[in-house]
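Here is the structure:
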């Protein structure tokens with residue numbers, strides 16, 4: 741496992757564990773969000789936050805830690821899908837990492853939601869108008885950027901992981917589907933998206949854990965045996 745004295749081993753193992761742990765944290769956060777804070781309309785969402793204030797901060801913290809943990813995992817996948825020239829997988833990997841970092845802005849906006857939901861300095865009606873006004877500008881642009889980068893990134897990264905032999909085709913398909921599903925404005929669909937992403941990324945993480953350090957550094961997918969060679973063995 742993690743061996744700080746061996747930089748190669750530490751680098752590979754840390755990235756592998758990130759691919760396994762980060763999606764699970766994201767899944768827990770998505771389940772809490774869908775079940776406890778389901779509303780999109782702030783006239784309903786702020787009262788939900790106020791009624792579950794003790795749960796909102798831990799939930800928001802998970803949405804903060806998960807993207808940070810996802811970044812090293814994403815960099816590990818970029819390493820595996822790289823080629824002599826820039827590949828679709830590399831482009832998808834960097835878009836995926838960018839989308840992950842952009843999501844931190846959305847998580848930070850949760851602090852604004854919490855303060856306006858729990859403050860007594862303004863009326864609930866004014867709090868709703870204030871949070872809607874804040875979201876209408878910058879946050880809307882950030883949300884659109886997140887949807888595009890993470891959605892397109894997941895599809896291209898899935899293609900790259902399949903082409904480079906990191907994931908089998910059905911597992912890469914679950915990663916590709918997670919991108920478009922994550923853009924659907926329904927929190928339970930988001931849960932499904934995160935489940936699919938967790939399946940694919942945890943499989944990639946286990947793949948990294950099983951590799952030797954030398955194989956990880958010089959990754960080349962195993963080539964299938966030629967048919968005529970297989971036939972001679974029978």
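Residue numbers (the working numbering): 741 to 974.
For every residue, glycine included, the Cβ atom is placed at its ideal position computed from N, Cα and C.
- Message: Please state whether the Cβ-Cβ distance between residue 913 and residue 922 is less than 8 Å.
- Response: no
- Rounded C-alpha distance that separates residue 781 from residue 903: 42 Å
- Chain-order list of residues whose beta-carbon lies under 6 Å from that of residue 839 (same chain, five-residue window excluded): 886, 889, 890 and 893
- Item | Alpha-carbon to alpha-carbon, residue 818 and residue 753 | 15 Å
- Message: Buried or exposed, going by whether 16 or more other CB atoms sit within 10 Å of the CB of residue 770?
- Response: buried
- Which whole runs of the alpha helix (DSSP H) in the segment 879-966 are 4 residues long or more, in chain order? 880-903, 909-922, 927-950 and 953-957
- Query: According to the Cβ coordinates, are residue 837 and residue 811 closer than 8 Å?
  - Reply: yes
- Query: DSSP state of residue 816, grouped into three classes?
  - Reply: helix
- Task: Please report the Cβ distance between residue 942 and residue 759, rounded to the nearest whole angstrom; I am assuming they are in contact, meaning their Cβ atoms lie under 8 Å.
- Result: 7 Å
- Message: Checking 8 Å against the spacing of the C-beta atoms, do residue 846 and residue 882 come in under that value?
- Response: yes
- Task: Could you tell me which of 805, 822 and 900 sits nearest to residue 957, measuring between CA atoms?
- Result: 822
- So what's residue 826 in DSSP terms, helix, strand or just coil? coil
- Item | Of the residues 815, 826 and 773, the one placed nearest residue 797, counting alpha carbons only | 773
- Determine the closest residue to residue 879 out of 909, 844 and 906, with distance taken between C-alpha atoms. 844
- Between which two residues does the alpha helix (DSSP H) harbouring residue 754 extend? 747-776
- Query: I think residue 900 touches residue 829, with their Cβ atoms under 8 Å apart; what is that distance to the nearest whole Å?
  - Reply: 1 Å
- Query: Using the beta-carbon count (16 or more within 10 Å), is residue 926 buried or exposed?
  - Reply: exposed
- In its own chain, which residues sit with a C-beta less than 8 Å from the C-beta of residue 793, not counting the 5 before and 5 after it? 854, 857 and 858
- Task: In the DSSP assignment, find the unbroken alpha helix (DSSP H) run with residue 875 in it and report its ends.
- Result: Neither: residue 875 is in no alpha helix (DSSP H) and is coded neither H nor E.
- Query: Should residue 963 be labelled buried (16 or more other beta-carbon atoms within 10 Å of its own) or exposed?
  - Reply: Only weak support is given to the placement of residue 963: the predicted model assigns it a pLDDT of 47, under 50, and the value that follows is read from those uncertain coordinates. It is exposed - the Cβ of residue 963 has fewer than 16 other Cβ atoms within 10 Å.
- For residue 973, which three-state DSSP category applies? Residue confidence is low: residue 973 scores 45 on pLDDT, short of 50, so the model does not pin down where it sits. No coordinate-derived value is stated.
- Over the uninterrupted alpha helix (DSSP H) stretch that includes residue 860, give me the two end residues. No alpha helix (DSSP H) contains residue 860, which DSSP labels as neither H nor E.
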